[in-house]
Amino acid sequence: MKNRLKVLRAERNWSQQELEERLNVSRQSVNAIETGRYDPSLPLAFRIANVFELRIEEIFKAE
Amino acid sequence: MESMLYIYKNFVKYACHMKNTEPTPPHRFPKLTLVAAVSSIVSAMGILILNHSDAINDTTTYILMSISIGLMILSMVVAWSSKLQKCLAAHRYLMRIAALMSFYMVTLLATEFWVEDSGLSGWPAFVITALPGLSFAGIFWVFCMLILEEQDEFIRLLYVRQGLIGTGIALTLAAVWGFLENYGLVQHVAAFWWPVLWCFGIGIGALMNQLKYGIKHGGTT
């Protein structure tokens, strides 16, 4: 699964810590998702979509 | 004894440091507390070995064991005051492990005193001797609770992976050693070492998580 998390975060000028706080997850989680080492669960994917005010498919793409 | 004093001094420094700093960030273990807790167990075992080899007498043994248990209780107090409010699962894990290690040491001491030295027999001896082993049931329960209570799904995945690696290592080595022992190729190893090996396996699991995900638990990448 590919994602645009890093790009979207950069567009909003958010640090990893800021995103971590908005999502209420650990920095490790944000980093693992951004680097594609971990695919989030559906509930977390929805939370990410809500934070960026986008649809899930606009953030995540199947490889 | 020097190592215990060193740990105690570090504890004091750590406790003072905690009072003057902001709450610990999420997913950051007070590592020194864990190190001290494990060190006190190792010290207690060392003291028992020294006693068995007649290097120290029973009175000295009990005094040193009391210091060791005291350090364990101190670690619990420090952990309690460390304000890991944002990392409840890890905080609870630490507290439970510290309590279990204390239980383990007290029951081990009781077994040494009543069964080994005082010659207690029958069902009371059976019950007392079983108690140190039963603390391992608690260790597994604590690890399960850590997984269940952790709110962060990625960290939870790391814990599960760690547990599976630890279980795989311990059970595989137990099976291999069992066969080797059965055919007289190696010496007998007491069964209580296998759950101890599981605990080491958990540590190896953490290392493998770090290698695979490049993540040091408790730190940032």
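Sequence lines, in order, name chains U and H. Counting from 1, position 36 in the first sequence corresponds to residue 36 in my numbering; the numbering is continuous, with no gaps. Here my numbering = 1-based position in the second sequence + 63. Positions of the beta carbon are idealized from the N, C-alpha and C atoms, including for glycine.
Report yes or no: is there a C-beta of chain H within less than 8 Å of the C-beta of V25(U)? Within the first sequence, numbered from 1, the residue matching residue 25(U) stands at position 25. So yes, V25(U) belongs to the interface.
Among R37(U), V25(U) and A10(U), which has the Cα closest to the Cα of Q214(H)? Reading the second sequence from its first residue, position 151 is the one you call residue 214(H). Cα-wise, what sits closest to Q214(H) is V25(U).
Please name the residue, chosen from M1(U), Q28(U) and E21(U), that lies closest to V51(U) on a Cα-to-Cα basis. Within the first sequence, residue 51(U) is the residue found at index 51, counting from 1. For the residues M1(U), Q28(U) and E21(U), the minimum Cα distance to V51(U) belongs to E21(U).
Decide if Y246(H) is buried, meaning its Cβ has at least 16 other Cβ atoms within 10 Å, or exposed. Residue 246(H) sits at position 183 when you count from the first residue of the second sequence. So Y246(H) counts as exposed.
Beta-carbon separation (whole angstroms), G268(H) vs Q225(H), contact threshold 8 Å: Here residue 268(H) refers to the residue found at position 205 when the second sequence is read from its first residue. Here residue 225(H) refers to the residue found at position 162 when the second sequence is read from its first residue. About 3 Å separates the two Cβ atoms, so the contact holds.
Bridge partners - F60(U), DSSP secondary structure assignment: Your numbering for residue 60(U) matches position 60 in the first sequence. Answer is N3(U).
Please state if the CB of I232(H) and the CB of L211(H) are separated by a distance shorter than 8 Å. For the purposes of this step, residue 211(H) is identified with residue 148 of the second sequence, where counting begins at 1. For the purposes of this step, residue 232(H) is identified with residue 169 of the second sequence, where counting begins at 1. No. Outside cutoff.
Hey, does E179(H) have any beta-carbon neighbour from chain U nearer than 8 Å? Indexing the second sequence from 1 puts residue 179(H) at position 116. Chain U, which has no Cβ nearer than 8 Å to the Cβ of E179(H), makes this no.
Measure the C-alpha to C-alpha separation of V205(H) and L171(H) and round it to an integer number of angstroms. As a first step, residue 205(H) is located in the second sequence; it is residue number 142 there, counting from the start. As a first step, residue 171(H) is located in the second sequence; it is residue number 108 there, counting from the start. Those two C-alpha atoms are separated by around 20 Å.
Proximal residues of chain H, C-beta to C-beta of S41(U) below 9 Å: Locating residue 41(U) in the first sequence gives position 41, counting from the first residue. Residues of chain H passing the Cβ test: E216.
Using a Cβ-Cβ cutoff of less than 6 Å, which residues in the same chain neighbour I56(U) once the five nearest sequence positions on both sides are dropped? Taking the first sequence and counting its residues from 1, the one referred to as residue 56(U) is at position 56. Contacts found: A45 and A49.
Can you name the residues of chain U whose CB is closer than 7 Å to the CB of Y276(H)? For the purposes of this step, residue 276(H) is taken as residue 213 along the second sequence, with counting starting at 1. Neighbours of Y276(H) on chain U, chain order: A32 and R37.
L183(H) by DSSP, collapsed to three states: which one? By 1-based counting over the second sequence, the position of residue 183(H) is 120. Coil at L183(H), not helix or strand.
Buried versus exposed, by CB contacts within 10 Å (16 or more), G264(H): Numbered from its first residue, the second sequence carries residue 264(H) at position 201. The residue is buried, with at least 16 neighbouring Cβ atoms inside 10 Å.
With a Cβ-Cβ cutoff of 8 Å, do L163(H) and I202(H) count as a contact? To locate residue 163(H), count along the second sequence from 1; it is residue 100. To locate residue 202(H), count along the second sequence from 1; it is residue 139. Yes, these two residues count as a Cβ contact at 8 Å.
The alpha helix (DSSP H) with T170(H) in it runs from where to where? The sequence position of residue 170(H) within the second sequence is 107, counting from 1. Here the alpha helix (DSSP H) through T170(H) covers L151 to A173.
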